[in-house]
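In what follows, a structure is listed as structure tokens, so that the remarks can point back to it.
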Amino acid sequence: ACRLLLELIERAGPSAFLPALQRLFGNAPDELRPRVEQLIAGHHPVGAPTLRLFSLGPFEVWIGDQRVSERVWRTSRSRFMLACLALRAGKPVLSESIIEQFWPGVRPDAGKKNLSQTLSDMRKVLLEAGLDTVDELVVRKHEFVVLGEEAPVWHDLDSFTTELDKAKQLQQRGELRQAYQRLRAAYGLVRGDYLEDCTMEWAHTQRRELERQTTECFELLAGVCRELGHYPELVEVALRLLERDPCHQPAHRLLMEAHIAQQRPELALRQYEQARLALQNELQAEPSTELMRVYQLAKMSL
463 ACRLLLELIE RAGPSAFLPA LQRLFGNAPD ELRPRVEQLI AGHHPVGAPT
513 LRLFSLGPFE VWIGDQRVSE RVWRTSRSRF MLACLALRAG KPVLSESIIE
563 QFWPGVRPDA GKKNLSQTLS DMRKVLLEAG LDTVDELVVR KHEFVVLGEE
613 APVWHDLDSF TTELDKAKQL QQRGELRQAY QRLRAAYGLV RGDYLEDCTM
663 EWAHTQRREL ERQTTECFEL LAGVCRELGH YPELVEVALR LLERDPCHQP
713 AHRLLMEAHI AQQRPELALR QYEQARLALQ NELQAEPSTE LMRVYQLAKM
763 SL
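Residue numbers (my numbering): 463 to 764.
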């Protein structure tokens, strides 16, 4: 059914079917996911191309199916201001707040001039890249700046938080397969840390919050994979958790359990040793009782 629906959307054109494509992403078999992702990535509605922003990793700006090169931005501030405004897309942001975040300590008159120039640079880049709706997209209203109030903006961060929230609701109701689909969709959006290439303090603050949410997403997905018996995927997710925190004991435990379930107890024992060394070297701590229990289970499975 997924394959047939995907073929129909491909023939008709994806523009009118973005919501269906986003739902299909969560339900599609693994072999069909690349086709779904490609259609979503190339989506743009009738009329002006849609602005799509990717913040979960290095910042990327896309207009329709074309990526806006980092080289065309006159300054990094104009590029990252777009990311900053996207955090509150559709809502007014006080100009003073933006000035303080991008030019802390500057005189008010100089700050307003800097903001006007940076917004002008931003609009110029987007317009030259083919975004005809830029005047409706980035709007200055009195002492506020608004992004996306009158023109659509797609932001991976918004999609991530939406999918994660829905997944938690489904999991609480015991609907694990549906929760898995939502978690997998959220997981697939995470390319790295929030705005990896931005060193501003406001980005660091947001990055710390997103680290917590991303870890929560990975932990929930790993647990659901264990419950559903998706052991190869459990290995993948647990390894990503350990990339973020080598001392994450639940991830070590889940990885060991996945190896045991796949009749590879020797890999579970090797993982235990990695966990023990990481805990000893970084925290001067010993493995938890749960980790030791799975270690004994792995020894018995040899």
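Quick reminder that beta carbons are idealized off the backbone N, C-alpha and C, glycines included.
Query	Result
Tell me which same chain residues have a C-beta within less than 8 Å of the C-beta of E678, skipping the five on either side of it?	L626
Taking just the CA atoms, how far does V608 sit from L683?	35 Å
Let me check understanding here. Comparing Cα to Cα, which of M762, A572, Q675 and D707 lies closest to T623?	Q675
Give, in chain order, every unbroken run of the alpha helix (DSSP H) that is at least 4 residues long and sits entirely within the region 608-652.	618-634 and 638-651
S582: buried (16+ other C-beta within 10 angstroms of its C-beta) or exposed?	exposed
Given a cut-off of 7 Å, decide if A760 and P727 are closer than it, judged by their beta-carbon atoms.	yes
According to DSSP, simplified to helix, strand and coil, what is K553?	coil
Buried or exposed: P749, going by 16 or more other Cβ atoms within 10 Å of its Cβ?	buried
Within 8 Å, do at least three Cβ pairs link the region 515-524 to the region 592-609?	no
Going straight from the alpha carbon of L717 to that of Q733, what length do you get?	8 Å
For the region 572-586 and the region 537-546, state whether three or more C-beta atom pairs, one from each stretch, are separated by less than 8 Å.	yes
Applying the 10 Å Cβ sphere with the 16-neighbour rule, what's the burial state of L764?	exposed
Let me confirm a value: D618 is counted as buried when at least 16 other C-beta atoms fall within 10 Å, else exposed. Which label applies?	buried
For E522, name the three-state secondary structure that DSSP assigns.	strand
With three or more beta-carbon pairs closer than 8 Å as the criterion, would you say the region 625-643 touches the region 657-669?	no
Output the boundary residues of the beta strand (DSSP E) element that contains R602.	V600 to K603
Can you tell me whether L657 is helix, strand or coil according to DSSP?	coil
Under 8 Å, with one C-beta from each stretch per pair, do the region 686-694 and the region 706-720 reach the 3-pair mark?	yes
Grab me the residues of T751's own chain with a C-beta within less than 7 Å of its C-beta, minus the 5 sequence neighbours each way, in chain order.	none
Around the C-beta of R610, are 16 or more other C-beta atoms found within 10 angstroms, so that it is buried, or is it exposed?	Before going further, note that residue 610 is Gly rather than Arg in the sequence given. Classification for G610: buried.
Can you check which of these residues, R755, H714 and V600, is closest to L741 by C-alpha distance?	H714
Since V686 and Q631 are thought to touch, with beta carbons under 8 Å apart, how far apart are those beta carbons, to the nearest angstrom?	Their Cβ separation, rounded to whole angstroms, is 13 Å, which puts V686 and Q631 out of contact at 8 Å.
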